[in-house]
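Number of protein chains: 2
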Amino acid sequence: MTAPRRLSGVLSPVVTPFKSDLSPDRARYVRHCKWLLANGCSGLAVFGTNSEANSLSAEERMVLLEALIQEGVPADKLMPGTGCCSLTDSVRLTAHAVALGCSGVLMLPPFYYKGVSDEGLYRNFAEVIERVGDARLQLYLYHIPPVSQVPITLALIERLLKQFPASVAGVKDSSGDWSNTKAMLDAFAKSGFDVFAGSEVFLLDNMRGGGKGCITATGNINPGAIDKVFRNWRGPDADVLQKDITATRNVMQKYPMMAALKAVIAHYARDAEWATMRPPLVELTPAQSKALMAELEARGFDMPGLAAASATVTA
Amino acid sequence: MTAPRRLSGVLSPVVTPFKSDLSPDRARYVRHCKWLLANGCSGLAVFGTNSEANSLSAEERMVLLEALIQEGVPADKLMPGTGCCSLTDSVRLTAHAVALGCSGVLMLPPFYYKGVSDEGLYRNFAEVIERVGDARLQLYLYHIPPVSQVPITLALIERLLKQFPASVAGVKDSSGDWSNTKAMLDAFAKSGFDVFAGSEVFLLDNMRGGGKGCITATGNINPGAIDKVFRNWRGPDADVLQKDITATRNVMQKYPMMAALKAVIAHYARDAEWATMRPPLVELTPAQSKALMAELEARGFDMPGLAAASATVTA
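For the protein sequence lines, the chains are A and B, in the order given. Position one of the first sequence corresponds to residue 594 (this note's numbering), numbered consecutively onward. Position one of the second sequence corresponds to residue 594 (this note's numbering), numbered consecutively onward.
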């Protein structure tokens with residue numbers, strides 16, 4: 594079998610809904626994934642940082658991934674996060690995703706031990722690729738040093754690309770440092786390495802630099818407007834459109850991001866249980882939530898069709 | 594059932610041996626655990642940071658723990674690490690350890706998300722205690738901010754102790770900051786909260802301050818001398834004994850600790866395969882290893898009986 598067609602555009606690290614007993618909520622999850630694909634997302638980077646994926650067990654992730662596909666979410670729209678602290682978990686989740694036909698996987702480096710060498714990280718990714726041993730594997734490296742504290746360096750990318758050119762497909766750069774994204778684009782984009790910005794704030798710059806889109810937290814709530822920038826990045830109003838999505842992002846960034854995303858979905862879906870967070874994360878306070886909704890409303894923000902979709906299924 | 598007798602003295606976060614295919618090596622593991630208990634360790638904090646435990650899956654940890662008990666290592670000498678990023682994994686590993694009769698568990702906070710609130714961490718530990726729901730559970734909090742980046746604050750300990758006085762048994766302080774260990778001793782030791790220093794460098798100070806011992810990486814190679822400080826901490830030569838173990842520690846700290854521990858065991862057991870590390874960690878270079886052994890030999894360092902024990906079993 595050959596590698597699947599690669600994703601581009603706006604990908605959302607889908608937030609994971611929990612029931613009041615903190616177990617993953619399959620029905621709300623499937624519904625939100627379908628809403629995202631119908632409203633601007635070209636793909637779903639499920640089990641990302643903003644998905645609270647690192648608060649899920651490997652088994653919980655596999656059950657949710659199978660549920661999405663069973664419920665009709667196309668596997669070739671999925672780029673699940675499969676990078677764990679443990680090599681054996683990373684291999685297991687990656688092999689599972691590839692076997693299900695997922696378009697790619699987004700891999701964190703092992704993130705418990707700090708100050709590890711590029712040699713050790715190279716061995717980790719090389720072992721995963723070799724043990725999965727499947728030509729369909731499209732591996733995207735996940736660079737998010739503010740959270741993982743373990744960076745993916747340019748030298749590491751170069752070595753992995755040289756050794757595994759058919760498997761190493763790209764990167765998500767969540768460093769928040771445009772000069773780093775630009776260095777990745779300049780060094781590797783021409784050789785077919787797909788660079789995704791980790792925030793829509795850099796979407797237009799990334800497209801102009803040869804990138805493929807963005808994988809962004811706020812893709813969970815504002816996919817249509819972000820997708821508009823992606824589709825019109827060569828157009829005359831690209832900068833104006835970019836300015837608008839950046840302003841919405843800036844509102845969201847005043848609050849703890851993951852709790853804020855869920856609060857917004859709960860509000861626009863008229864479905865309070867959506868706000869539930871799994872420890873160690875906590876919900877917004879009522880005051881934070883109220884202030885956030887007021888700011889979004891002042892911007893004319895909306896999530897079209899969300900309340901109707903929720904009402905249908907929860908009825 | 595009631596809570597087991599609490600451990601005190603020198604505990605080793607046992608290094609985990611791997612075969613050349615990077616799978617855990619059961620025979621070498623059991624052998625090393627038995628050598629440690631026969632040579633100065635009062636307990637084994639298996640699956641700690643220095644055990645590369647965060648490079649193991651939950652299943653791999655459970656298989657190894659069961660192997661130890663099957664092979665005759667007393668469960669009441671064991672304090673396995675059971676704190677994971679995922680609440681569900683932490684509950685599963687903790688319940689498993691308690692069911693096997695382990696003396697206690699040493700729990701990292703969930704460590705992927707950074708800057709989390711004490712409220713979120715409280716909810717995490719409270720959920721584990723409530724879901725395990727077993728009066729035998731003795732939970733030791735694991736404070737190691739240089740690696741986890743998520744601290745266990747005094748306020749969090751106070752709240753947990755107040756709510757769960759029978760389950761919250763103590764702490765391992767691997768901050769490397771004596772003033773923090775002292776603050777924990779001053780605030781909680783008198784109410785039956787057992788403070789273990791995270792390095793033997795602070796063993797004598799910790800005993801004098803009302804602590805219970807240390808849980809230390811170098812317990813893997815130097816348990817006898819460290820135990821001598823523990824047993825003689827009230828004696829006239831305590832400071833001289835402390836100076837000696839600190840000097841050995843200082844030699845080890847010049848090298849990447851986990852790789853150095855395994856290199857020392859490989860050398861004194863005459864068993865080269867012991868040096869194997871699982872990615873993202875890597876072995877010492879031959880030059881590093883040679884320099885380390887020369888420094889230890891100059892100090893008259895030895896691991897009595899280790900080569901004989903290894904020869905018997907590998908023969």
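All C-beta atoms, glycine included, are put in the ideal place defined by N, C-alpha and C.
Tell me which same chain residues have a C-beta within less than 7 Å of the C-beta of B/Leu-834, skipping the five on either side of it?
As a first step, residue 834 of chain B must be located in the second sequence, where it is residue number 241. Closer than 7 Å at Cβ, skipping near neighbours: Lys-821, Val-822, Asn-825.
Look up B/Lys-765 in the DSSP assignment and give the residues it is bridged to.
Start at 1 with the first residue of the second sequence, and residue 765 of chain B comes out as number 172. B/Lys-765 pairs with B/Tyr-735, B/Phe-789.
Going residue by residue through the segment 818-853 of chain A, where are the continuous alpha helix (DSSP H) segments of at least 4 residues, counting only ones entirely within it?
Runs of alpha helix (DSSP H) with 4 or more residues, each lying fully within the segment 818-853 of chain A, are found at 831-845, listed in chain order.
Using the beta-carbon count (16 or more within 10 Å), is B/Ala-690 buried or exposed?
The residue you call residue 690 of chain B lines up with position 97 of the second sequence. Under this definition B/Ala-690 is a buried residue.
Ends of the beta strand (DSSP E) at B/Cys-807?
Walking along the second sequence from the start, residue 807 of chain B turns up at place 214. In the DSSP assignment, B/Cys-807 falls within the unbroken beta strand (DSSP E) covering 806-808.
Name the residue from B/Glu-876, B/Gly-713, B/Tyr-735 whose alpha carbon lies nearest to the alpha carbon of A/Pro-872.
In the first sequence, counting from the first residue as 1, residue 872 of chain A sits at position 279. Of the residues B/Glu-876, B/Gly-713, B/Tyr-735, the one whose Cα lies closest to the Cα of A/Pro-872 is B/Gly-713.
When the cut-off is 8 Å and only beta carbons count, does B/Asn-717 lie next to chain A?
One-based indexing of the second sequence puts residue 717 of chain B at position 124. It does: the Cβ of B/Asn-717 has a partner Cβ on chain A nearer than 8 Å.
Using DSSP with H/G/I as helix, E/B as strand and the rest coil, what is A/Gly-812?
To locate residue 812 of chain A, count along the first sequence from 1; it is residue 219. Helix at A/Gly-812.
If you draw a straight line from the alpha carbon of B/Met-777 to that of B/Val-603, how long is it in whole angstroms?
Sequence index remark: in the second sequence, residue 777 of chain B carries index 184 (1-based). Sequence index remark: in the second sequence, residue 603 of chain B carries index 10 (1-based). When only Cα atoms are considered, B/Met-777 and B/Val-603 end up about 19 Å apart.
Determine, for B/Tyr-706, whether the minimum Cβ-Cβ distance to residues of chain A falls below 8 Å.
Your numbering for residue 706 of chain B matches position 113 in the second sequence. Cβ-Cβ to chain A under 8 Å: yes for B/Tyr-706.
Does A/Asn-813 come within less than 8 Å of chain B when only Cβ atoms are used?
Here the question's residue 813 of chain A lines up with position 220 in the first sequence. Judged by the 8 Å Cβ criterion, A/Asn-813 is not in contact with chain B.
Listed by chain order, chain A residues near B/Leu-714 by CB distance under 8 Å
Along the second sequence, read from residue 1 onward, the residue named residue 714 of chain B stands at position 121. Residues of chain A passing the Cβ test: Pro-872, Pro-873.
B/Leu-730 at chain A interface by Cβ criterion, 8 Å:
For the purposes of this step, residue 730 of chain B is identified with residue 137 of the second sequence, where counting begins at 1. No, B/Leu-730 lies away from the interface with chain A (no Cβ there is under 8 Å from its Cβ).
Under 7 Å Cβ-Cβ, which residues of chain B neighbour A/Asp-682?
Mapped onto the first sequence, residue 682 of chain A falls at position 89. What A/Asp-682 touches in chain B: Ser-650.
Determine the DSSP secondary structure at B/Ala-901, reduced to helix, strand or coil.
In the second sequence, counting from the first residue as 1, residue 901 of chain B sits at position 308. Of the three classes helix, strand and coil, the one that applies to B/Ala-901 here is helix, per DSSP.
Could you check the C-alpha separation between A/Phe-894 and B/Gly-697 for me, to the nearest Å?
Position 301 of the first sequence, counted from the first residue, corresponds to residue 894 of chain A. Position 104 of the second sequence, counted from the first residue, corresponds to residue 697 of chain B. Rounded to whole angstroms, A/Phe-894 to B/Gly-697 spans 51 Å at the Cα level.
If contact means a Cβ-Cβ distance below 9 Å, which residues of the segment 732-743 of chain A contact chain B?
Correct list: Pro-739, Val-740, Ser-741, Gln-742, Val-743.
With distances taken from CA atoms, which of B/Leu-629, B/Val-684, B/Arg-624 is nearest B/Ala-651?
The sequence position of residue 651 of chain B within the second sequence is 58, counting from 1. B/Ala-651 has its Cα closest to that of B/Val-684, out of B/Leu-629, B/Val-684, B/Arg-624.
By the three-class DSSP mapping on this structure, what secondary structure does B/Ser-605 have?
Start at 1 with the first residue of the second sequence, and residue 605 of chain B comes out as number 12. It is a strand residue.
Starting from B/Leu-671, follow its DSSP beta bridges and name the residues at the other end.
Within the second sequence, the letter at position 78 stands for residue 671 of chain B. In DSSP, B/Leu-671 forms a bridge with B/Leu-637.
Nearest-angstrom Cα distance between A/Gly-763 and B/Glu-876?
Residue 763 of chain A sits at position 170 when you count from the first residue of the first sequence. Residue 876 of chain B sits at position 283 when you count from the first residue of the second sequence. Looking at the two C-alpha atoms, the distance is approximately 29 Å.
Note down, in chain order, all residues in the segment 608-622 of chain A with a beta-carbon under 9 Å from any beta-carbon belonging to chain B.
Those residues of the segment 608-622 of chain A that come within reach of chain B (Cβ to Cβ, closer than 9 Å) are Leu-615, Ser-616.
C-alpha distance - B/Thr-609 paired with B/Leu-753, whole-angstrom precision
On the second sequence, position 16 is the one that residue 609 of chain B refers to. On the second sequence, position 160 is the one that residue 753 of chain B refers to. The straight-line gap from Cα to Cα measures roughly 31 Å.
Which residue marks the beginning of the alpha helix (DSSP H) containing B/Met-886, and which one marks its end?
As a first step, residue 886 of chain B is located in the second sequence; it is residue number 293 there, counting from the start. Per DSSP, B/Met-886 belongs to the alpha helix (DSSP H) from 879-891.
The alpha helix (DSSP H) that contains A/Leu-658, what's its start and end?
Residue 658 of chain A sits at position 65 when you count from the first residue of the first sequence. That run of the alpha helix (DSSP H) goes 651-663.
Could you tell me which residues DSSP puts in a beta bridge with B/Val-698?
Stepping through the second sequence from its first residue, residue 698 of chain B is reached at position 105. Answer is B/Leu-732, bridged to B/Val-698.
Would you call the CB atoms of A/Ile-808 and A/Phe-789 closer than 8 Å?
Numbered from 1 along the first sequence, position 215 holds the residue referred to as residue 808 of chain A. Numbered from 1 along the first sequence, position 196 holds the residue referred to as residue 789 of chain A. Their beta carbons are under 8 Å apart, which means A/Ile-808 touches A/Phe-789 by this criterion.
Straight-line CA distance for A/Asp-832 to B/Thr-687?
For the purposes of this step, residue 832 of chain A is taken as the residue at position 239 of the first sequence. For the purposes of this step, residue 687 of chain B is taken as the residue at position 94 of the second sequence. Roughly 53 Å separates the two Cα atoms.
Could you tell me which residues DSSP puts in a beta bridge with B/Phe-611?
On the second sequence, residue 611 of chain B is found 18 positions in, with the first residue counted as 1. Per the DSSP secondary-structure output, B/Phe-611 pairs in a beta bridge with B/Pro-617.
Return helix, strand or coil for A/Thr-774, following the three-state DSSP convention.
Locating residue 774 of chain A in the first sequence gives position 181, where the first residue counts as 1. Helix at A/Thr-774.
Give the DSSP-derived three-state secondary structure of A/Arg-598 in the structure shown.
Taking the first residue of the first sequence as position 1, residue 598 of chain A is located at position 5. Three-state DSSP puts A/Arg-598 in coil, outside helix and strand.
Contacts that B/Asn-799 makes with chain A (C-beta to C-beta distance below 8 Å)
For the purposes of this step, residue 799 of chain B is taken as residue 206 along the second sequence, with counting starting at 1. Those within 8 Å of B/Asn-799 in chain A number zero; the least Cβ separation is about 25 Å.
If you draw a straight line from the alpha carbon of B/Ala-719 to that of B/Met-700, how long is it in whole angstroms?
As a first step, residue 719 of chain B is located in the second sequence; it is residue number 126 there, counting from the start. As a first step, residue 700 of chain B is located in the second sequence; it is residue number 107 there, counting from the start. B/Ala-719 and B/Met-700 have their C-alpha atoms roughly 12 Å apart.
Amino acids of chain B, ordered along the chain, whose beta-carbon sits closer than 8 Å to that of A/Pro-702:
Within the first sequence, numbered from 1, the residue matching residue 702 of chain A stands at position 109. Going along chain B in sequence order, the residues near A/Pro-702 (Cβ under 8 Å) are Pro-873.
Could you work out which residues of chain A lie near B/Asn-647, taking near to mean beta carbons separated by less than 8 Å?
What you label residue 647 of chain B is simply residue 54 of the second sequence in a count that begins at 1. Below the 8 Å Cβ cutoff, chain A contributes Cys-678, Ser-679, Pro-703, Tyr-705, Tyr-706 as neighbours of B/Asn-647, in chain order.
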